[in-house]
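> All residue numbers for the sequence shown refer to the numbering used here, where the first residue is 28 and numbers rise by one. Glycine included, every Cβ here is placed at the ideal spot set by N, Cα and C. For clarity, every value in this text was computed on a predicted model and none was experimentally measured. A single structure is presented below for examination.
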Amino acid sequence: MSLSGMTAALVEAWTELRIHKARVLLALVGVALSVAALTAVVALADMARAAMAQGSEAQSGRPATLSVSAYPNDGSPADVMALRDAYDATVERYAVSHASMYLPTALPFQFPDGVAQTETVVVDADFGTMRRVNLSSGSWFTEADSSRLAPAVIINEAFHARLGYPDLAADPVVEIWNGKPVNAVITGIRVNSWADEPAAAYMLTDAYDRLGTAESLTGAVPMLELWVPEEIAEPLQHAITADLAAQFPGMQPNVYRSDYAAWGDPYAVMTLVVGGIAGMVMLLGAVGLLNISMVTVRHRVREIGIRRSFGATSGRIFFGVLLESVVATFAAGVVGVMAAVAVVQLPIVQEQIAFGITELPPFPVTAAILGLAAATAVGTLAGLIPALVAVRVKVIDAIRY
Numbered sequence: 028m029s030l031s032g033m034t035a036a037l038v039e040a041w042t043e044l045r046i047h048k049a050r051v052l053l054a055l056v057g058v059a060l061s062v063a064a065l066t067a068v069v070a071l072a073d074m075a076r077a078a079m080a081q082g083s084e085a086q087s088g089r090p091a092t093l094s095v096s097a098y099p100n101d102g103s104p105a106d107v108m109a110l111r112d113a114y115d116a117t118v119e120r121y122a123v124s125h126a127s128m129y130l131p132t133a134l135p136f137q138f139p140d141g142v143a144q145t146e147t148v149v150v151d152a153d154f155g156t157m158r159r160v161n162l163s164s165g166s167w168f169t170e171a172d173s174s175r176l177a178p179a180v181i182i183n184e185a186f187h188a189r190l191g192y193p194d195l196a197a198d199p200v201v202e203i204w205n206g207k208p209v210n211a212v213i214t215g216i217r218v219n220s221w222a223d224e225p226a227a228a229y230m231l232t233d234a235y236d237r238l239g240t241a242e243s244l245t246g247a248v249p250m251l252e253l254w255v256p257e258e259i260a261e262p263l264q265h266a267i268t269a270d271l272a273a274q275f276p277g278m279q280p281n282v283y284r285s286d287y288a289a290w291g292d293p294y295a296v297m298t299l300v301v302g303g304i305a306g307m308v309m310l311l312g313a314v315g316l317l318n319i320s321m322v323t324v325r326h327r328v329r330e331i332g333i334r335r336s337f338g339a340t341s342g343r344i345f346f347g348v349l350l351e352s353v354v355a356t357f358a359a360g361v362v363g364v365m366a367a368v369a370v371v372q373l374p375i376v377q378e379q380i381a382f383g384i385t386e387l388p389p390f391p392v393t394a395a396i397l398g399l400a401a402a403t404a405v406g407t408l409a410g411l412i413p414a415l416v417a418v419r420v421k422v423i424d425a426i427r428y
């Protein structure tokens with residue numbers, strides 16, 4: 028069909044839709060609702076999937092995160108400083124852009140009700156990006172915090188509550204009792220990871236070293252976390268293992284992927300389930316539209332027969348009936364997608380998706396495109412059979428009706 032013929036068919040289809048607008052509205056309500064449901068389900072699933080991935084990244088790191096450690100084979104104390112020097116050399120040798128020390132420990136903080144050993148994780152500034160640390164107020168560590176005379180600490184909401192909710196704008200100070208009191212400045216407050224999480228804190232590696240605790244030199248073995256591209260994670264894992272084994276013959280290096288995607292995408296099943304539900308929703312809408320389209324064509328036999336008598340070709344009749352369905356369902360798809368966007372953007376829906384994460388996933392454009400494509404596909408399929416029936420209408424049929 029030529030461009031002018033296609034344009035004429037589109038104009039004719041739109042005219043027919045305007046003439047039969049009452050019938051069209053009844054036929055397309057189901058399609059619009061189906062498209063809205065499809066788009067909303069796919070969008071919410073994509074956004075929830077992204078939110079769950081962010082939650083997993085907060086617990087185990089972004090893909091791909093390598094955890095590096097080494098322990099003496101005979102159980103003797105490790106040379107922590109030599110190991111840390113090897114970690115620094117590893118980061119430099121392989122040009123890793125995001126790396127952080129990771130040392131879970133405990134420090135004696137002074138609370139209004141007394142001194143208490145408090146879970147503290149010693150990290151570097153990159154850790155906040157690598158683990159998507161979610162702060163309710165304040166800011167994450169910067170490189171400048173490493174040189175503070177008073178060490179900077181980031182506490183969780185439980186720690187903040189136990190201190191009596193001091194105002195962060197006033198640079199509140201908390202004491203660390205390490206033989207003598209050391210004032211630490213609170214620079215940020217992290218959202219609790221779960222409802223009853225106890226008081227916890229983060230401290231930079233350099234600040235922890237300056238405290239002069241014995242554990243900073245011996246004792247607990249620190250780990251190194253590296254955030255690297257997924258395609259080089261496996262070869263880098265083997266290379267670092269070989270390097271550490273060569274440098275520390277009496278130690279057992281342990282290098283592995285710790286992020287949630289190390290063994291494949293755990294959310295793939297959810298995607299398949301949501302896709303199946305969305306497909307069933309659109310199938311029901313397509314069946315309803317097909318039934319109405321078939322009935323409509325049967326009632327238009329006289330009209331089609333008269334058009335044939337005036338010289339309308341089979342191709343013109345076929346594309347006219349088909350495009351009526353496609354144009355109508357595309358318009359219904361636009362309405363359905365707009366309704367889905369409005370529902371997903373409701374504050375109550377956004378709050379549920381964004382709970383406990385640092386970045387609210389945006390409305391996926393792919394969901395809107397899928398909704399419009401599904402509406403067009405449904406219109407094509409639902410208009411194809413009626414169009415074939417219309418082509419078979421003969422002039423004599425107009426006399427019968």
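(1) Rounded to a whole number of angstroms, what is the C-alpha to C-alpha distance between residue 288 and residue 268?
(2) Could you check if residue 351 is buried or exposed, using at least 16 other CB atoms within 10 Å of its CB as the buried criterion?
(3) Contact between the stretch 401-410 and the stretch 352-360: three or more CB pairs below 8 Å?
(4) Taking just the CA atoms, how far does residue 348 sit from residue 409?
(5) Within 10 angstroms of the Cβ of residue 108, are there 16 or more other Cβ atoms? Answer buried if so, exposed if not.
(6) Just grab the DSSP bridge partners of residue 179 for me.
(7) In angstroms, rounded to a whole number, what distance separates the CA positions of residue 117 and residue 286?
(8) From the DSSP output, read off the bridge partner residues of residue 264.
(9) What are the start and end residues of the alpha helix (DSSP H) that includes residue 121?
(10) In chain order, what residues of the same chain lie with their CB nearer than 6 Å to the CB of residue 415, ignoring the 5 residues before and after it?
(11) Roughly how many angstroms lie between the CA atoms of residue 430 and residue 277, to the nearest whole one?
(12) What residues are listed by DSSP as bridge partners for residue 203?
(13) Do you know how far the Cα of residue 195 is from the Cα of residue 241?
(14) Have a look at residue 263 and residue 250 and give me their C-alpha separation to the nearest angstrom.
(15) Less than 6 Å between C-beta atoms, sequence neighbours within five positions excluded: which residues of the same chain meet that for residue 271?
(16) Kindly indicate the opening and closing residues of the alpha helix (DSSP H) around residue 352.
(17) With a threshold of 8 Å, are at least 3 pairs of Cβ atoms found where one atom belongs to the stretch 222-242 and the other to the stretch 81-95?
(18) Please report the straight-line C-alpha distance between residue 198 and residue 166, rounded to a whole angstrom.
(19) Please determine, among 55, 72 and 58, the residue with the shortest C-alpha to C-alpha distance to residue 394.
(20) Tell me whether residue 394 sits in a helix, a strand or coil according to DSSP, three-state version.
(21) What does the alpha-carbon distance come out to for the pair residue 111 and residue 181?
(22) Rounded to whole angstroms, how far is the Cβ of residue 69 from the Cβ of residue 397, which I believe are closer than 8 Å?
(23) Let's see if you can read the secondary structure: which residues bound the alpha helix (DSSP H) around residue 156?
(24) For residue 148, which beta-bridge partners are listed by DSSP?
(25) Looking at the structure shown, is residue 256 part of a helix, part of a strand, or coil, going by DSSP?
(26) Using 9 Å as the threshold, is the C-beta distance between residue 143 and residue 154 below it?
(27) Considering just the uninterrupted stretch of the beta strand (DSSP E) at residue 284, what are its terminal residues?
(28) Quick one: using the 10 Å Cβ neighbour count with 16 as the cut-off for buried, is residue 177 buried or exposed?
(29) For residue 162, which three-state DSSP category applies?
(30) For residue 59, which residues from the same chain have a beta carbon less than 6 Å from its beta carbon, with the 5 sequence-adjacent residues on both sides left out?
(31) Do you know offhand how far residue 202's Cα is from residue 247's?
(32) Would you kindly work out how many angstroms separate the C-alpha atoms of residue 258 and residue 346, rounded to a whole number?
(33) Just to confirm the assignment, what range does the beta strand (DSSP E) spanning residue 97 have?
(34) Suppose you measure from the CA of residue 377 to the CA of residue 371; what does that come to, to the nearest Å?
(35) May I have the straight-line CA-CA distance separating residue 333 from residue 62, to the nearest angstrom?
(36) With a Cβ-Cβ cutoff of 9 Å, do residue 149 and residue 130 count as a contact?
This is what the structure holds:
(1) As a position in the sequence shown, residue 288 is number 261, starting the count at 1. As a position in the sequence shown, residue 268 is number 241, starting the count at 1. Going from the Cα of residue 288 to the Cα of residue 268 covers about 21 Å.
(2) The residue given as residue 351 occupies position 324 in the sequence shown. Buried: at least 16 other Cβ atoms inside 10 Å.
(3) yes
(4) Here the question's residue 409 lines up with position 382 in the sequence shown. Here the question's residue 348 lines up with position 321 in the sequence shown. One C-alpha to the other measures close to 10 Å.
(5) Counting from 1 along the sequence shown, the entry for residue 108 is found at position 81. Exposed, since its Cβ has fewer than 16 Cβ neighbours within 10 Å.
(6) For the purposes of this step, residue 179 is taken as residue 152 along the sequence shown, with counting starting at 1. In the DSSP output, where bridge partners are listed per residue, residue 179 has 212.
(7) Start at 1 with the first residue of the sequence shown, and residue 117 comes out as number 90. Start at 1 with the first residue of the sequence shown, and residue 286 comes out as number 259. The alpha-carbon atoms of residue 117 and residue 286 are separated by roughly 20 Å.
(8) Residue numbering aside, residue 264 sits at position 237 when the sequence shown is read from its first letter. According to DSSP, residue 264 bridges with nothing at all.
(9) As a first step, residue 121 must be located in the sequence shown, where it is residue number 94. Neither: residue 121 is in no alpha helix (DSSP H) and is coded neither H nor E.
(10) Start at 1 with the first residue of the sequence shown, and residue 415 comes out as number 388. If we look at residue 415 and ignore the five residues flanking it on each side, it has no Cβ neighbours.
(11) A question about residue 430 goes unanswered here, because the residues of the chain that appear run from 28 up to 428.
(12) In the sequence shown, the residue the question calls residue 203 occupies position 176. Paired residues: 136 and 209.
(13) The residue given as residue 241 occupies position 214 in the sequence shown. The residue given as residue 195 occupies position 168 in the sequence shown. Reliability fails at residue 241, whose pLDDT of 44 lies under 50, so the model's placement of it is uncertain and the value that follows must be treated cautiously. Approximately 31 Å between the Cα atoms of the pair.
(14) What you label residue 263 is simply residue 236 of the sequence shown in a count that begins at 1. What you label residue 250 is simply residue 223 of the sequence shown in a count that begins at 1. Using only the alpha carbons, I get a separation of about 16 Å.
(15) As a first step, residue 271 is located in the sequence shown; it is residue number 244 there, counting from the start. Answer for residue 271: 97 and 280, listed in chain order.
(16) Here the question's residue 352 lines up with position 325 in the sequence shown. It spans 341-371 - the alpha helix (DSSP H) in which residue 352 sits, taken as one unbroken run.
(17) no
(18) Taking the sequence shown and counting its residues from 1, one reaches residue 198 at position 171. Taking the sequence shown and counting its residues from 1, one reaches residue 166 at position 139. Straight-line Cα distance between these residues: approximately 12 Å.
(19) Reading the sequence shown from its first residue, position 367 is the one you call residue 394. Looking at the Cα atoms, 72 is the closest of the given residues.
(20) Taking the sequence shown and counting its residues from 1, one reaches residue 394 at position 367. Looking at residue 394 - three-state DSSP - the assignment turns out to be helix.
(21) In the sequence shown, counting from the first residue as 1, residue 111 sits at position 84. In the sequence shown, counting from the first residue as 1, residue 181 sits at position 154. Answer to the nearest angstrom: the Cα atoms are 23 Å apart.
(22) As a first step, residue 69 is located in the sequence shown; it is residue number 42 there, counting from the start. As a first step, residue 397 is located in the sequence shown; it is residue number 370 there, counting from the start. At roughly 6 Å, the Cβ-Cβ gap stays under 8 Å, so residue 69 and residue 397 are in contact.
(23) Position 129 of the sequence shown, counted from the first residue, corresponds to residue 156. Per DSSP, residue 156 belongs to the alpha helix (DSSP H) from 154-157.
(24) Taking the first residue of the sequence shown as 1, we reach residue 148 at position 121. BP columns for residue 148 point to 131 and 229.
(25) Position 229 of the sequence shown holds residue 256. Three-state result, residue 256: coil.
(26) Taking the first residue of the sequence shown as position 1, residue 143 is located at position 116. Taking the first residue of the sequence shown as position 1, residue 154 is located at position 127. No, the Cβ-Cβ distance between residue 143 and residue 154 is not below 9 Å.
(27) In the sequence shown, residue 284 corresponds to position 257, counting from 1. Note, residue 284: beta strand (DSSP E), 278-284.
(28) Here residue 177 refers to the residue found at position 150 of the sequence shown. That one is exposed.
(29) The sequence position of residue 162 within the sequence shown is 135, counting from 1. Residue 162: strand per DSSP, three-state reduction.
(30) Position 32 of the sequence shown, counted from the first residue, corresponds to residue 59. Contacts found: 359, 362 and 363.
(31) Within the sequence shown, the letter at position 175 stands for residue 202. Within the sequence shown, the letter at position 220 stands for residue 247. So the two alpha carbons sit approximately 23 Å from each other.
(32) Here residue 258 refers to the residue found at position 231 of the sequence shown. Here residue 346 refers to the residue found at position 319 of the sequence shown. Each residue's Cα considered, the two are about 49 Å apart.
(33) The sequence position of residue 97 within the sequence shown is 70, counting from 1. It spans 92-99 - the beta strand (DSSP E) in which residue 97 sits, taken as one unbroken run.
(34) Looking up residue 377 in the sequence shown gives position 350. Looking up residue 371 in the sequence shown gives position 344. Each residue's alpha carbon lies about 7 Å from the other.
(35) In the sequence shown, the residue the question calls residue 333 occupies position 306. In the sequence shown, the residue the question calls residue 62 occupies position 35. Straight-line Cα distance between these residues: approximately 35 Å.
(36) Numbered from 1 along the sequence shown, position 122 holds the residue referred to as residue 149. Numbered from 1 along the sequence shown, position 103 holds the residue referred to as residue 130. Yes. Within cutoff.
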